[in-house]
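A.B. asks: Shown below is the structure under consideration.
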Amino acid sequence: MNVTDETGEYLVKLARHSAESWVKHGKEPSVMDPIPEQAKLTTGAFVTVKTYEGGETSLRGCIGYPLGIKALYLEIIDLSQESTLNDPRFHPVTEGEFSSLVFEVTILTPPIEIEYSDPQDLLNQIRVPGDGLIVKFGKYQGLLLPQVPVEQNWNSEEFLSYTCRKAYLPVDIWKKERVSVQKFQGIVFSEMKPKGKIKRLPLNN
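According to our numbering, the stretch in the sequence shown is residues 68 to 272, in order.
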């Protein structure tokens, strides 16, 4: 999947524009024209919001669709509301926070089931940096984006274990049970600082 820098910049600007409309005015935002053709494709996406302070960032909200359900630009509008107002891990973003927030958009490839013979074979098929993961076991499911292990300096085993934890499963369940593990790739665009320059974040070797 190839996404131009121009499309990525548009989507990040749309995420901020939409979030400000939802939070400050309580209404659905207008669509920013012109809409790039790639922004009309249907694909999975996440909007991540981070607090920026002293050059460091901390998570403020992150919501997404692992699989595309509508045109990408429409997903970003929806997810901007969800990530700022409805992430259950955080209280809603307030109007006064926007000057210290950075917005990040991740565009996902379709998840692929990892076929593995044993736990070591499973680990061997997980690339860090490069892959995002979805773990499923019974009614439990957890997802971590490909930038997370890079930011946390995890290896593939730590990444898999923390994805299990995200699914509210034991971190070592993949060593004992036959869990479903899917991997995907992501293209990430982010503001470098609040309302600042937007760049593509490198995730691969």
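Using N, Cα and C, we set each Cβ at its ideal position, and we do this for glycine too.
As the structure is a prediction and not an experimental result, all values here were calculated from the model.
Taking the Cβ atom as the reference point for each residue, do Val246 and Lys203 lie within a distance shorter than 8 Å?
C.D. replies: Yes, the pair counts as a contact, with Cβ atoms nearer than the cut-off.
A.B. asks: Could you give the DSSP three-state label for Glu95: helix, strand or coil?
C.D. replies: Coil.
A.B. asks: Would you kindly work out how many angstroms separate the C-alpha atoms of Asn220 and Pro213, rounded to a whole number?
C.D. replies: Cα to Cα, Asn220 sits roughly 12 Å from Pro213.
A.B. asks: Would you mind sorting Pro216 into buried or exposed? The rule is 16 or more other CB atoms within 10 Å of its CB.
C.D. replies: Label assigned to Pro216: buried.
A.B. asks: Quick check on DSSP: helix, strand or coil for Ile201?
C.D. replies: Ile201 falls in the strand class under three-state DSSP.
A.B. asks: Asn272: buried (16+ other C-beta within 10 angstroms of its C-beta) or exposed?
C.D. replies: Since pLDDT at Asn272 reaches only 47, below the 50 mark, its modelled position is unreliable, and the value read off the structure follows with that caveat. When all chains shown are included, Asn272 counts as exposed.
A.B. asks: Secondary structure at Phe251, three-state DSSP: helix, strand or coil?
C.D. replies: Reduced to three states, the DSSP call for Phe251 is strand.
A.B. asks: Using beta-carbon positions only, say whether Thr118 and Thr110 come within less than 8 Å of one another.
C.D. replies: No, the pair does not count as a contact, with Cβ atoms beyond the cut-off.
A.B. asks: Can you check the segment 148-177 for any beta strand (DSSP E) of at least 3 residues that lies completely inside it and give the ranges in chain order?
C.D. replies: The qualifying runs are 168-175.
A.B. asks: Should the segment 80-92 be regarded as contacting the segment 150-164, the criterion being three or more beta carbon pairs within less than 8 Å?
C.D. replies: The answer is yes - the segment 150-164 touches the segment 80-92, with three or more Cβ pairs under 8 Å.
A.B. asks: For the beta strand (DSSP E) holding Gln105, just list the boundary residues, first then last.
C.D. replies: First-last for Gln105: undefined, no H or E at that position.
A.B. asks: So Leu200 packs on Leu211, CB below 8 Å; how close in whole Å?
C.D. replies: About 6 Å separates the two Cβ atoms, so the contact holds.
A.B. asks: What span of residues does the beta strand (DSSP E) with Ser125 cover, start to end?
C.D. replies: Its beta strand (DSSP E) spans residues 123-132.
A.B. asks: Reducing DSSP to helix, strand and coil, say where Arg267 ends up.
C.D. replies: Strand.
A.B. asks: In three-state DSSP terms, what is Asn272?
C.D. replies: Interpretation of Asn272 is limited by its pLDDT of 47, a score under 50 that renders its predicted location unreliable; no figure is taken from the coordinates.
A.B. asks: CA-CA distance, Ala112 and Glu225?
C.D. replies: Taking the straight line from one Cα to the other gives about 24 Å.
A.B. asks: Using beta-carbon positions only, say whether Thr173 and Val248 come within less than 8 Å of one another.
C.D. replies: No. Outside cutoff.
A.B. asks: Where does Leu236 fall in DSSP's three states?
C.D. replies: Three-state result, Leu236: coil.
A.B. asks: By how many angstroms is the C-alpha of Cys129 removed from the C-alpha of Pro159?
C.D. replies: Straight-line Cα distance between these residues: approximately 12 Å.
A.B. asks: Determine whether the beta carbon atoms of Lys250 and Ile193 lie at a separation below 8 Å.
C.D. replies: Result yes, Cβ atoms of Lys250 and Ile193 sit closer than 8 Å.
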